[in-house]
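See structure below.
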């Protein structure tokens, strides 16, 4: 199965998900915009509409979509619009890009269920967008497993 999330800098999000039991592969890239074949520089310009995102392949008999969503919601601030930590811009927005109607329903239900907890933790409502997955453009190779290749680097999601 496939899941796609955007939660700020994709380096840290990938590092988080690639360690989850049942996740067979991760890929960082760009999605949610209208510009074809964007580069990192294009996306960073803030003019393409894409988010830095991660696409996860997982085995639902080992880890569920709900578990992946809980990891997603728990490891970034879903109440900030177009921002995560020091990273600002539409490319750093919080988003769930669903691949099936079931994923959409689960994500919407969980978002609503977590609103009270978000108000207590962050003092604001969740602004995470939930939209149908569109073309996912793989980021340049140097971005793939970036924090594994560069363990001295850090990436903040909150």
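Numbering (my numbering), first residue to last: 2 to 159. Ideal Cβ positions, reconstructed from N, Cα and C, are used throughout, including at glycine.
For my contact list, residue 67 and residue 92 are in at a C-beta cut-off of 8 Å; report their separation, rounded to the angstrom.
Not really, about 27 Å apart at Cβ, beyond 8 Å.
6 Å Cβ shell around residue 43 - same chain, five flanking residues per side excluded:
49
For a quick check, are the C-beta atoms of residue 32 and residue 5 less than 9 Å apart?
yes
Between the CA atoms of residue 140 and residue 41 - distance to the nearest angstrom
7 Å
Within 10 Å of its beta-carbon, does residue 89 have 16 or more other beta-carbons around it, so buried, or fewer, so exposed?
exposed
Just tell me which of 125, 45, 99 and 113 has its CA closest to the CA of residue 78.
125
The segment 137 to 152 contacting the segment 5 to 18, beta-carbon criterion three pairs below 8 Å:
yes
Taking residue 24 as part of the beta strand (DSSP E), name the residues at either end of that continuous run.
24 to 32
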